[in-house]
């Protein structure tokens, strides 16, 4: 299969205005992925599916990722005036990255026997601007998996034909796979709790949960 | 009746019994399970009903597809919170006398999914369970053992007096409240009338 850089170039040539970004995977798998902008996502996906050299006709997996707000501390050289003269000092700078939700698609070609190509769609934030375009019109098999991502992560898929909860009941309000989800305190704890379970057990018994 | 006299009579070809004995004998030898499975334990339940393990030897091979015809609910597998109201509704639709076997780690406690957000931590939070079978999944022999335990329990029941079985006691409930789907959890998360949280003694 052709390289991701070449796919990116061909997509940007074929879909006018599309902005793609390659996300490097530093691990040994080196499975790099493409971040696609919302406006052109369906057109890009259609191109990937129909292009003669790619024929990515099989969307094998759709999943969600929850990225929390993060603060990265970076040491930087800076020029400052100390005691009347300019000096170079090391300074700590904090880079704040707002959190977002991400939907990841793994694409394969059944016809040509290659893959995967990994697509990512990112939401604007984690709170209320959580929609991404649905790729179900392109790959029909994504329908149930997008519903699952909607259920567990709360990503809203614009253009999905039937966006309802699939695992949890309709009255349920939270999204259990989000990293700030607090599960109901409804189990008795292990006889020898440790780590996270020990912390939970302390709170549980302090609140009289175990009677 | 005196046991010696009874033996003597049976040697002469005269069979004597009591209503209680023949009632319990009939009850315990025709326990028809409800045909439903929730997870992998159901595969072991199916194996137990087939020729190799032959649940028919105990009169319990007639798996009924309707709760109206069933006596025994084998809760075979993980009960998710989304499934729990349906399981309890099925139980409520079964006619008395009715029994429950909680089969496998998930049905008795949530098992490997105990810390999951969507798994009911044991069906005994909502239903009165007669026999618990541990195991993940329990082998068919374990299910047969559970059925034999249930048969012994039925056989030893007195039909009158304060210990009489639930279906002969008008004061005992035959149906249990079905929980509603709430915003965070089932409402109520457990039925306090049948289940109380265990007390764990622990040295800090």
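Chains as they are written, first to last, in my numbering: chain A, 138 to 348; chain B, 20 to 223. Ideal Cβ positions, reconstructed from N, Cα and C, are used throughout, including at glycine.
Backbone secondary structure at residue i - three-state DSSP
i              : result
residue 56(B)  : coil
residue 303(A) : coil
residue 239(B) : The question about residue 239(B) has no answer, for chain B in this structure spans 20 to 223.
residue 31(B)  : coil
residue 199(B) : strand
residue 170(A) : strand
residue 314(A) : coil
residue 81(B)  : coil
residue 257(A) : strand
residue 348(A) : Note that residue 348(A) scores a pLDDT of 43, beneath 50, so its modelled location is shaky and nothing firm can be said.
residue 206(B) : strand
residue 164(A) : coil
residue 42(B)  : helix
residue 188(B) : coil
residue 48(B)  : coil
residue 140(A) : coil
residue 263(A) : coil
residue 331(A) : coil
residue 149(A) : helix
residue 69(B)  : coil
residue 211(B) : coil
residue 64(B)  : helix
residue 190(A) : coil
residue 319(A) : coil
residue 26(B)  : helix
residue 37(B)  : coil
residue 177(A) : coil
residue 182(A) : helix
residue 283(A) : helix
residue 338(A) : helix
residue 343(A) : helix
residue 217(B) : coil
residue 89(B)  : coil
Identity of the residues DSSP links to residue i by a beta bridge
i              : result
residue 201(A) : 240(A)
residue 231(A) : 210(A)
residue 245(A) : 195(A)
residue 270(A) : 295(A)
residue 251(A) : 246(A)
residue 225(A) : 216(A)
residue 95(B)  : 122(B)
residue 289(A) : Residue 289(A) pairs with nothing; no bridge assigned.
residue 275(A) : Answer is none; residue 275(A) lacks a bridge partner.
residue 158(A) : 172(A)
Of the residues the options, the one placed nearest residue i, counting alpha carbons only
i              : options                        : result
residue 244(A) : 237(A), 253(A), 236(A)         : 253(A)
residue 229(A) : 219(A), 288(A), 215(A)         : 215(A)
residue 135(B) : 98(B), 45(B), 180(B)           : 98(B)
residue 75(B)  : 56(B), 55(B), 47(B), 40(B)     : 47(B)
residue 154(B) : 146(B), 164(B), 147(B), 182(B) : 164(B)
residue 58(B)  : 110(B), 214(B), 124(B)         : 124(B)
residue 177(A) : 238(A), 158(A), 307(A), 290(A) : 158(A)
residue 286(A) : 319(A), 343(A), 271(A), 174(A) : 271(A)
residue 53(B)  : 68(B), 41(B), 44(B)            : 68(B)
residue 240(A) : 277(A), 152(A), 294(A)         : 294(A)
residue 177(B) : 33(B), 29(B), 44(B)            : 44(B)
residue 94(B)  : 102(B), 205(B), 26(B)          : 102(B)
residue 312(A) : 296(A), 201(A), 335(A)         : 201(A)
residue 182(A) : 314(A), 149(A), 251(A)         : 149(A)
Amino acids of chain A, ordered along the chain, whose beta-carbon sits closer than 7 Å to that of residue i
i              : result
residue 204(B) : 321, 323
residue 196(B) : Those do not exist, as residue 196(B) stays about 17 Å from chain A at its closest Cβ, beyond 7 Å.
residue 10(B)  : No information on residue 10(B) is available, as it lies outside the stretch 20 to 223 that chain B covers here.
residue 147(B) : Residues of chain A passing the Cβ test: none, with the nearest at roughly 19 Å.
residue 133(B) : 324
Proximal chain A residues relative to residue i, where beta-carbon distance stays under 8 Å
i              : result
residue 137(B) : 304, 305, 313
residue 200(B) : 306, 307, 308, 309
residue 105(B) : The premise fails here: residue 105(B) is roughly 11 Å from chain A at the closest Cβ pair, so nothing lies under 8 Å.
residue 208(B) : 321, 323
residue 54(B)  : Neighbours of residue 54(B) on chain A: none; closest Cβ ~25 Å, over 8 Å.
residue 101(B) : 304, 305, 306
residue 177(B) : Those within 8 Å of residue 177(B) in chain A number zero; the least Cβ separation is about 33 Å.
Partner residues on chain A for residue i, Cβ-Cβ distance less than 9 Å
i              : result
residue 129(B) : 324
residue 30(B)  : What residue 30(B) touches in chain A: nothing, since even the nearest Cβ is about 56 Å away.
residue 172(B) : None at all; the shortest Cβ gap to chain A is about 26 Å.
residue 140(B) : 323, 324, 325
- Taking the runs of the beta strand (DSSP E) that are 3 residues or longer, which of them lie wholly in the segment 107–186 of chain B? 118–122, 150–152, all fully within the segment 107–186 of chain B.
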